[in-house]
Amino acid sequence: MRAGGVGRLGAVVVLTLVWGTACSQREEAPKQVPPSTPLAVAPKAAVVPAVAKDAERVARGRYLVEAVLGCGACHTARDYSRYGGPAKAEALAGDCFGEGHGVPGRVCAPNITSDPEHGIGRWTDEELLRALREGRGRDGRTLFPMMPYSEWRTLSDEDARAVVAYLRQVPPVPRSVERTQLPEELVAQLQGLASALPGPVPPPGDDVVARGQYLATVAQCSFCHGGLEETPVPFAGGLPLPTPFGEEKAPSLRPEGAIFKGGEDAFVARFTAWKDVAAAPSRRGQVNKLAMPWGLLAGLHEDDLRAIYRYLKTLPAVSPRIAAPPDAGPPAVGK
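With the numbering used here as the guide, the letters of the sequence shown map in order to residues 273 to 607.
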């Protein structure tokens, strides 16, 4: 499934550097961005109507933010000295990642609470929707792809509006977060990633496999459970994910992967087992799985987990890069 902030960040950096090196060997180097204009500015998008904030939409948005999209994996500071990296500060108030996470610079996930000065309180709905699905900051800059807008382009219009409706309700946290700082050559490689949606995005419909594909996409499962190839095989595993406790390779999520041993009920239980278990202290030698935010994913509804499982089972088998290690589930507190 989708990696947490640490896993996704490491994967983005690894893939950016690998793909960038491969491209530079075949094509002329990307143009450097002038210091006075470090990031491309997009043309003004069409005005979208204000997002209604009824209770049902807000509840759907909360579920998406807290479980499916896993916004707290990056936008909430986490305690990586404990198993699974539980939250250590106010939810969605922002966090930064530096050299300890394998970043050539400093990447900061901003405060997205409703605070008007430090958060998104003064953002328009249009600006939030563009950042969420098109990768454009409020000032028009291209967002660093730790923000998974390439996957969230498939987020339906209704679900995107539900996310915005929920974020409007998040209590304000007056916490300032510094801006992302990256080397110019890396910034240059990011240009062109952000783009306007071609049109409305419909929901996946009632078919369980189609819904599973939709959920696996917006949950970013294939991004980390891919590989180092220039065109990675989705869900085949093998991508090395840096964590504060060392490198962890993402396992295969295709039918040949060990994660499917035990069948659908066992697959669901791997996630739901975390609902009522406190995070235990981490230690070296333990399978930390810090790149996998189990605490967030435990909030996925059982019917959604089953839909994801049934979608993954439809994928053709490939030779796995790495099989899932034995996993007895979350550890007992203090073990």
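Built from N, CA and C at the ideal position, the CB exists for glycine as well.
Being a predicted model, the structure only gives us computed values, none of them experimental.
Where residue i sits in the DSSP three-state scheme
i, result
"Glu-520", "strand"
"Thr-348", "strand"
"Lys-303", "With a pLDDT of 35 at Lys-303, under the threshold of 50, the modelled position of that residue is not reliable, and no figure is offered here."
"Val-290", "For Val-290, the predicted model reports a pLDDT of 43, less than 50, meaning its position is unreliable; a value from the coordinates is still stated below. Helix."
"Thr-385", "coil"
"Arg-394", "coil"
"Leu-587", "coil"
"Arg-578", "helix"
"Ala-545", "coil"
"Ser-308", "Residue placement at Ser-308 is poorly supported in this model, since its pLDDT is 32, which falls under 50; the coordinates are not used for a value here."
"His-497", "coil"
"Ala-468", "coil"
"Val-436", "helix"
"Ala-317", "Note that Ala-317 has pLDDT 48, beneath the 50 cutoff, so the model's placement of it is unreliable and no number is given."
"Arg-447", "coil"
"His-373", "helix"
"Arg-526", "coil"
"Pro-474", "coil"
"Arg-329", "helix"
"Leu-336", "helix"
"Ala-491", "coil"
"Ala-508", "coil"
"Gln-441", "coil"
Residue i Cβ short of 7 Å to the ligand COA heavy atom set
i, result
"Leu-577", "This structure does not include the ligand COA; it has no bound ligands of any sort."
Per DSSP, cross-strand counterpart(s) of residue i
i, result
"Pro-514", "Glu-519"
"Arg-453", "Residue identity differs from the one stated: residue 453 is Gln in this sequence, not Arg. Gln-453 is bridged to Arg-378."
"Gly-366", "Thr-348"
"Arg-483", "Answer is none; Arg-483 lacks a bridge partner."
"Thr-414", "Arg-408"
"Ala-359", "Arg-350"
Residue nearest to residue i in terms of C-alpha spacing, selected from the options
i, options, result
"Glu-519", "Gly-372, Lys-585, Ile-384 and His-347", "Gly-372"
"Arg-329", "Tyr-438, Gly-357 and Arg-408", "Tyr-438"
"Pro-417", "Val-435, Ile-392, Leu-427 and Leu-458", "Leu-458"
"Pro-358", "Leu-587, Tyr-583 and Trp-546", "Trp-546"
"Cys-368", "Thr-396, Val-379 and Gly-374", "Val-379"
"Ala-322", "Ala-563, Arg-433, Glu-389 and Arg-413", "Arg-433"
"Leu-587", "Val-481, Glu-456 and Pro-388", "Val-481"
"Tyr-581", "Pro-470, Lys-533 and Ala-563", "Lys-533"
"Gly-499", "Thr-489, Ala-491 and Leu-511", "Leu-511"
"Asp-326", "Arg-440, Arg-350, Gly-412 and Asp-575", "Arg-440"
"Tyr-583", "Leu-487, Arg-413, Pro-388 and Ser-467", "Leu-487"
"Ala-468", "Thr-452, Gly-412 and Glu-501", "Gly-412"
"His-347", "Gln-492, Val-375 and Lys-360", "Lys-360"
Nearest-angstrom beta carbon gap, residue j and residue i [assumed within contact, 8 Å]
i, j, result
"Val-445", "Glu-362", "5 Å"
"Pro-565", "Ala-365", "Not quite, the Cβ-Cβ distance comes to about 17 Å (not below 8 Å), so this is no contact."
"Leu-454", "Gly-407", "The pair is not a contact, with the Cβ atoms about 15 Å apart (cut-off 8 Å)."
"Ser-524", "Gly-509", "4 Å"
"Arg-410", "Trp-424", "That pair is no contact at about 17 Å."
"Leu-572", "Ala-339", "5 Å"
"Asp-397", "Val-337", "That pair is no contact at about 15 Å."
"Gly-342", "Leu-568", "5 Å"
"Glu-501", "Val-540", "The pair is not a contact, with the Cβ atoms about 30 Å apart (cut-off 8 Å)."
Contact under 8 Å by Cβ, residue i with residue j
i, j, result
"Pro-506", "Ala-589", "no"
"Val-473", "Leu-415", "no"
"Tyr-421", "Arg-405", "yes"
"Glu-430", "Pro-475", "yes"
"Val-484", "Ala-579", "This sequence places Gly at residue 484; Val is not what is there. Yes, Cβ-Cβ distance for Gly-484 and Ala-579 is below 8 Å."
"Ile-392", "Leu-400", "yes"
"Ala-522", "His-497", "yes"
"Val-442", "Thr-489", "no"
"Ala-563", "Leu-513", "yes"
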